[in-house]
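Q: Mapping to my numbering: the sequence shown position 7 is 54, numbers consecutive.
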Amino acid sequence: GGKRPSLIPEPDAEFIRGAMEQIGAEDMREAGLRDLEHFEAALVIVYIQLAHCADLLANQMPEVSAAAAAGHLVPSSHG
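#1: Using a Cβ distance threshold of 8 angstroms, determine whether the segment 74-93 contacts the segment 109-118, with at least three qualifying pairs required.
#2: Quick check: what's the CA-CA separation for P58 versus L97?
#3: Nearest-angstrom Cα distance between C100 and A88?
#4: Give me the Cα-Cα distance between G65 and P109, rounded to the nearest whole angstrom.
#5: In its own chain, which residues sit with a C-beta less than 8 angstroms from the C-beta of N106, not counting the 5 before and 5 after it?
#6: Measuring only the C-alpha atoms, how far is E73 from M67?
#7: Where L83 and G71 are concerned, what is the direct C-alpha to C-alpha distance, given to the nearest angstrom?
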């Protein structure tokens, strides 16, 4: 099967920093991650933020969300 288009892009550095800021985490660019447990927690936080974005999309744009879930959307080409 082909790769499905996504309305929610992969998280970039800005998205990850924003997710971490929401829980009051230290800036990872300066502090880094102390250990594997903190890395795992950071991943969970980012995925929770992504799930929240998906829920917002489903609630605010149900037709678009349903079309994406059914694989009916074609990614747009920019540039």
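Yeah, the Cβ is synthetic: ideal placement off N, Cα and C, and Gly gets one too.
A: Let's see:
#1: no
#2: 8 angstroms
#3: 19 angstroms
#4: Roughly 26 angstroms separates the two Cα atoms.
#5: none
#6: 8 angstroms
#7: So the alpha carbons of these two residues sit roughly 19 angstroms apart.
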